[in-house]
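S.K.:
In our numbering, the protein residues as written are 17 to 160.
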């Protein structure tokens, strides 16, 4: 299984489940996302008062789950786990570019993105684990 196929699944979808941890307690959130052009970073928006934001400020390790639900043949369902690290973005120009791209793909989330308490989450991807059907698994670590 090629890294390109894994990236294609990530690029082809726009929602995921974000998993964060606080202490020993996991927390999952359904999130809209976009990626950068190289599929090395994933971008999402949340509010600073959310549990997920509190979690990533304490433990930057996260994972995302993206799947191919909705395919007609259940034997072809794929689930992609993306592991990575939360990295804040300080550059205001980069933040503005990401915001614009995010809103072009998710215009329905303008109220969230424009909220004064909104925060951009960037996840730098470390690895991909693709489950292809019920019994095939492929793991790829991404070089830094």
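Ideal Cβ placement from N, Cα and C applies to all residues, glycine included.
On a predicted model such as this, the values are computed, not experimentally measured, just so you know.
(1) Ends of the alpha helix (DSSP H) at residue 110?
(2) Take residue 29 and list the residues in its own chain whose beta-carbon comes closer than 7 Å to its own, dropping the five residues that flank it on each side.
(3) Given a cut-off of 8 Å, decide if residue 34 and residue 96 are closer than it, judged by their beta-carbon atoms.
(4) Terminal residues of the continuous beta strand (DSSP E) containing residue 152?
(5) Once DSSP output is grouped into helix, strand and coil, what is the label at residue 20?
(6) According to DSSP, which residues form a beta bridge with residue 77?
(7) With burial defined as no fewer than 16 other Cβ atoms inside 10 Å of the residue's Cβ, what is the status of residue 62: buried or exposed?
(8) Should residue 155 go down as buried or exposed, given a rule of 16 or more other Cβ atoms within 10 Å for buried?
(9) Which of helix, strand or coil does DSSP assign to residue 43?
(10) Cα-Cα, which of 32, 40, 110, 55 is closest to residue 46?
(11) Throw me the rounded Cβ distance for the residue 114 and residue 59 pair, which I believe falls under 8 Å.
(12) Compute the beta-carbon to beta-carbon distance between residue 74 and residue 43, rounded to the nearest angstrom, for a pair I have assumed lies under 8 Å.
(13) Do you know how far the Cα of residue 116 is from the Cα of residue 126?
(14) Rounded to whole angstroms, what's the CA-CA distance from residue 70 to residue 138? Just pull it up for me.
M.R.: Quick answer:
(1) Counting along the chain, residue 110 sits inside the alpha helix (DSSP H) bounded by residues 108-121.
(2) The answer, listed in chain order, is 82.
(3) Cβ distance not < 8 Å, so residue 96 and residue 34 don't count as in contact.
(4) Taken as a continuous stretch (DSSP letters only), the beta strand (DSSP E) holding residue 152 covers 152-157.
(5) Reduced to three states, the DSSP call for residue 20 is helix.
(6) DSSP output for residue 77 lists 101 as bridge partner(s).
(7) Residue 62 sits buried, since 16 or more C-beta atoms from the chains shown fall within 10 Å of its C-beta.
(8) Residue 155 should be labelled exposed.
(9) Reduced to three states, the DSSP call for residue 43 is strand.
(10) Answer by Cα proximity: 32.
(11) With a Cβ gap of about 5 Å, residue 114 and residue 59 count as contacting.
(12) In this structure residue 74 does not touch residue 43 by the C-beta definition: roughly 11 Å separates them, more than the 8 Å allowed.
(13) Each residue's alpha carbon lies about 10 Å from the other.
(14) The straight-line gap from Cα to Cα measures roughly 14 Å.
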